[in-house]
Structures are given as C-alpha cells and as structure tokens.
Amino acid sequence: MEHLPVVIDAEYISDYKIKLTFDTGEKKIADCAQWLEGEVFEPLKNKDYFRSFFVDGWTISWPNGADIAPETLYKESQSV
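Using my numbering, the first residue of the sequence shown is number 153, and each one after it goes up by one.
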C-alpha cells in the first residue's frame with residue numbers, strides 16, 4: 153500500500169494560501185480558496201477565521217470541524 157503523505161506543519165502565507173510541510177519532508181503551497189464551497193467551509197471565507205487553522209495530526213483543520221484531506225492538499229498544491 154502506498155504511503156499517503158500527512159501534514160506535519162502549516163504556516164499562513166496570505167489570502168487563502170498556506171505553506172504545508174509533509175512527513176516526506178516536502179514543502180508545498182496550498183491555495184485553499186478553491187475548496188471553500190459548502191456549509192462547513194462558509195466560515196473560512198472570513199480570512200480572520202481562515203487563519204485559525206491548526207494541524208490535527210494528519211491534515212489542517214479548523215475549529216468548526218472543517219478539514220481538507222491530506223491527499224488532496226498533497227496532490228493539488230504547488231511545490232516550494
């Protein structure tokens with residue numbers, strides 16, 4: 153079974169962009185604006201709230217329970 157990279161560190165950059173560090177050592181920039189659709193993501197459109205993300209052990213999450221799958225972040229983010 154292939155190893156799915158998990159997020160071990162995340163740093164706010166600007167707008168809806170977050171610099172992610174994966175357990176593979178790779179660093180990528182995720183522009184999360186593309187994923188802010190649906191009820192659970194609505195509060196994240198407020199940039200102050202968006203910045204309240206945290207690493208929950210495998211991906212980035214927000215206090216309201218929203219998260220983005222680590223494989224999505226890995227596959228759809230730009231390498232640094």
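The beta carbon of each residue, even a glycine, is placed where N, CA and C say it ideally should be.
Around the Cβ of Phe205, a 10 Å sphere holds 16 or more other Cβ atoms; the residue is buried. The secondary-structure analysis by DSSP pairs Phe206 across a beta bridge with Ser213. Closest option to Leu188, judged by alpha-carbon separation, among Glu223, Asp219, Ser231 and Lys179: Asp219. From the listed residues Gly177, Arg203, Phe193 and Asn216, the smallest Cα separation to Pro157 is found for Gly177. Val232 counts as exposed, since fewer than 16 other C-beta atoms from the protein chains shown sit within 10 angstroms of its C-beta.
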